[in-house]
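Below is one structure; the comments refer to it alone.
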Amino acid sequence: MSTGSSFSSDTGTTRGTADTGGINTYKGEERALRANRLGTPGLLLSVIAASAPLMVVAGVMPTVFGVMGIVGQPLLYLILGVVLMLFGVGYAEMSRHVHNAGAFYAYIARGLGPTAGAGASLVALVAYSAMQVGIYGILGFEVSGIFATYLGIELVWWVPALVAAAVVGVLGWLKIDLNAKVLGVLLVIECALVVIFDIAAVSKPGPEGLSLHAFNPETLTGAGLGTALCFCIAAFVGFEQAPVYAEETSRPQIVVSRVMFLAVGYAALFLAISSWALTVAAGPGSIADTSLKEGPGMLFGLTEERLGSTFTDILHILFVTGMFAALLSFHNVVARYAFAMGREGLLPARFGRTNRASGAPGTGSLLQTVVSVVIVLVFALTDDNPVGDPTAPVLRLFTWMGNVGALGVILLMAAASFAVIAFFVKRGAGRAQAPRLVASALAGLALLTIAVFTVRDFDVLVGSVPGSALDWLLPGVIVLALVGGLAYGAVLRRTKPEVHARIGLGNEAFQLEKAAESESARR
């Protein structure tokens, strides 16, 4: 395999191409994502948008406080921030050597071998698709509630969900820098409103006053801690997507790693402060009961007490636009994974081409739109009471798909941690790399532990009855994707060794293919 320096030189434009606007072309096809589309601000906003901060504050936090009874949720975000910083140490270093839109599976392929990379590629495709599709459910549910509350119109949830899928699909065909601007505007407004609530909560605390009890380590006890870890780490999902855009960034060796650390640091502080503000507003002694009783409505109730109904109405709207931003962010990531897989032969070659006008991975974008529409329609057809029923398929779509996706991403992060170690050991890592390898090992073990908790407590995560078939069927989706991907990789190794050898090479595979055909032509 090539050394790290060779990878940093082959992620931009191909030498010798002309009149292509910086696109790699081969046999009349566009075979690379356009470079220099994103800088640090654009990439940072794109990856943070995936975490949907307002959705976490309104949805995840009340669940952790109420259902799991973990008052120390703010401390939990800080602890997970440290774990993910450790993960980022090796992951960021890897991003300086391997620039590939298939980030997770490319890193795993380079460290643990192409067959493992094939398995990881399918897990990534399924996990990120599941997380995106799940959000369509909650978005549709919230929009139908807004129509009923403010307009008096009964609207089935799947109508706004399908409209959102169409709009996201169109944006997915456009330039990534335009997408980044859309995400940036929505995210900045969303976060600003949450910060205003945080300030209002601290300025006007609840009956127990300005308490720091939520940061007491003793609050991290109880049977619900493992499940809370699963919920809380899902709130960070998005930062790890930065390397997916490496080929489209300016100075990827610097920008990608910088964005990852900024995103983790921001998320840890934002989530810790916002969850603490909720405990201050409701009171640490009553936050669990209030969260259990009011659910997502707790944030809006506390906001209305302090900032009035107009501000709360705006917050409701931004709750929806924040989910839309997350949908677009996940859509872009899935499209790029599909593009990377098509370019390397793991998917049909059509997926490895980009639009001439925008440089976006159009076929991958179309695939994700079709998958989203089909799954939404399947859940819609099983929905007997589409409006107002908390047990309706719309909410099952959100909880089932969201947790399946989160499990997949946690396992990918754990595997990537060990792949980083293998990658640098193969390259003769010396003492200078030792701290990074230790950090990766610690992160990998911590992430595996969280994955075990996730599988063990899956009934709580998806709200099923203990012993239900869902407890193994839903995690089985990720297991099936992994086994299927590994089997596919093994078949490629036997039947198409040249394709198997290209897994994880990204744009370098195109360069090697072109060089080989040129050499053959000369002979």
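Our numbering numbers the first residue of the sequence shown as 4 and each following residue consecutively.
For each residue, glycine too, the CB sits at the ideal point set by N, CA and C.
Contact check, Ile-506 vs Glu-307, beta carbons under 9 Å: no
Environment of Trp-161 [buried if 16+ CB atoms lie within 10 Å]: buried
Residue closest to Leu-47, alpha-carbon to alpha-carbon, out of Ser-375, Leu-410, Ala-249, Val-146: Ala-249
Euclidean distance between Cα positions of Ala-422 and Pro-438: 15 Å
Ile-141 and Leu-398 closer than 9 Å at C-beta: yes
Top-ranked residue by Cα proximity to Ala-133, from Arg-496, Val-486, Val-480: Val-480
Where Gly-24 falls, given that 16 or more other Cβ within 10 Å makes a residue buried: The predicted position of Gly-24 is uncertain, since its pLDDT is 35 and thus under 50; no value can be drawn from it.
Same chain, Cβ closer than 6 Å to Pro-163, five either side skipped, listed in chain order: Gly-143, Val-146
Beta-carbon proximity of Ala-280 to Ser-294, cut-off 9 Å: no
Own chain residues within Cβ distance below 6 Å of Ser-443, not counting five before or after: Gly-93, Ser-420, Val-423, Ile-424
Reduced DSSP category for Gly-19 - H, G, I as helix; E, B as strand; rest coil: Confidence at Gly-19 is low in this model, with a pLDDT of 32, below 50, so the placement of that residue is unreliable and no value is reported for it.
For Asn-510, three-class secondary structure by DSSP: helix
Local conformation of Thr-315 per DSSP, three classes: helix
Cβ contact (3+ pairs, closer than 8 Å) linking the segment 199-206 and the segment 301-320: yes
For Leu-489, the three-state DSSP class (helix, strand or coil): helix
Minimum length 4: unbroken alpha helix (DSSP H) runs contained in the segment 384-460: If we require 4 residues or more, the alpha helix (DSSP H) runs fully inside the segment 384-460 come out as 396-429, 437-459.
The alpha helix (DSSP H) enclosing Arg-261, as first and last residue numbers: 255-285
Local Cβ density within 10 Å of His-212, reported as buried at 16 or more and exposed below that: At residue 212 the sequence reads Gly, which differs from the His that was named. So Gly-212 counts as exposed.
Host alpha helix (DSSP H) of Gln-244 (start-end): Run containing Gln-244: none; DSSP gives neither H nor E here.
Sequence-distant residues of the same chain with beta carbon closer than 8 Å to Thr-565, five excluded per side: No answer is possible for residue 565: the residues shown for the chain start at 4 and end at 526.
Residue of Ala-55, Leu-41, Glu-243, Ile-73 minimising C-alpha distance to Glu-221: Nearest to Glu-221 by C-alpha distance, out of Ala-55, Leu-41, Glu-243, Ile-73, is Ile-73.
Beta-carbon spacing of Gly-509, Val-50 below 9 Å: no
Contact under 9 Å by Cβ, Ala-338 with Ala-360: no
Buried or exposed by the 16-neighbour rule on C-beta atoms within 10 Å, applied to Leu-154: That one is exposed.
C-alpha distance - Ala-238 paired with Ser-277, whole-angstrom precision: Taking the straight line from one Cα to the other gives about 13 Å.
Own chain partners of Leu-350 with C-beta closer than 8 Å, once the 5 adjacent residues on each side are dropped: Answer for Leu-350: Ala-341, Met-344, listed in chain order.
Rounded straight-line distance, which links the Cα of Leu-174 to that of Val-377: 19 Å
As assigned by DSSP and simplified to three states, the class of Leu-41: In the structure shown, Leu-41 falls within a strand segment according to DSSP collapsed to helix, strand and coil.
Integer Cβ distance of Ala-122 from Leu-485, believed to fall under 8 Å: First, the residue type needs correcting, since residue 122 is Gly and not Ala in the sequence shown. Their Cβ separation, rounded to whole angstroms, is 5 Å, which keeps Gly-122 and Leu-485 in contact under 8 Å.
Alpha-carbon spacing of Ala-55 relative to Arg-309, whole angstroms: 23 Å
Between the CA atoms of Ala-291 and Thr-394 - distance to the nearest angstrom: A caution first: Thr-394 carries a pLDDT of 46, below 50, which makes its placement in the model too unreliable to give a value.
When Val-428, Gly-268, Ala-52 are compared against Val-86, the one with the closest alpha-carbon: Distance check between Val-86 and each of Val-428, Gly-268, Ala-52 places Gly-268 closest, using alpha-carbon atoms only.
Supposed contact pair Ser-332 and Leu-186 - C-beta distance, whole angstroms, cut 8 Å: 6 Å
Three-state secondary structure assigned by DSSP to Thr-230: Reduced to three states, the DSSP call for Thr-230 is helix.
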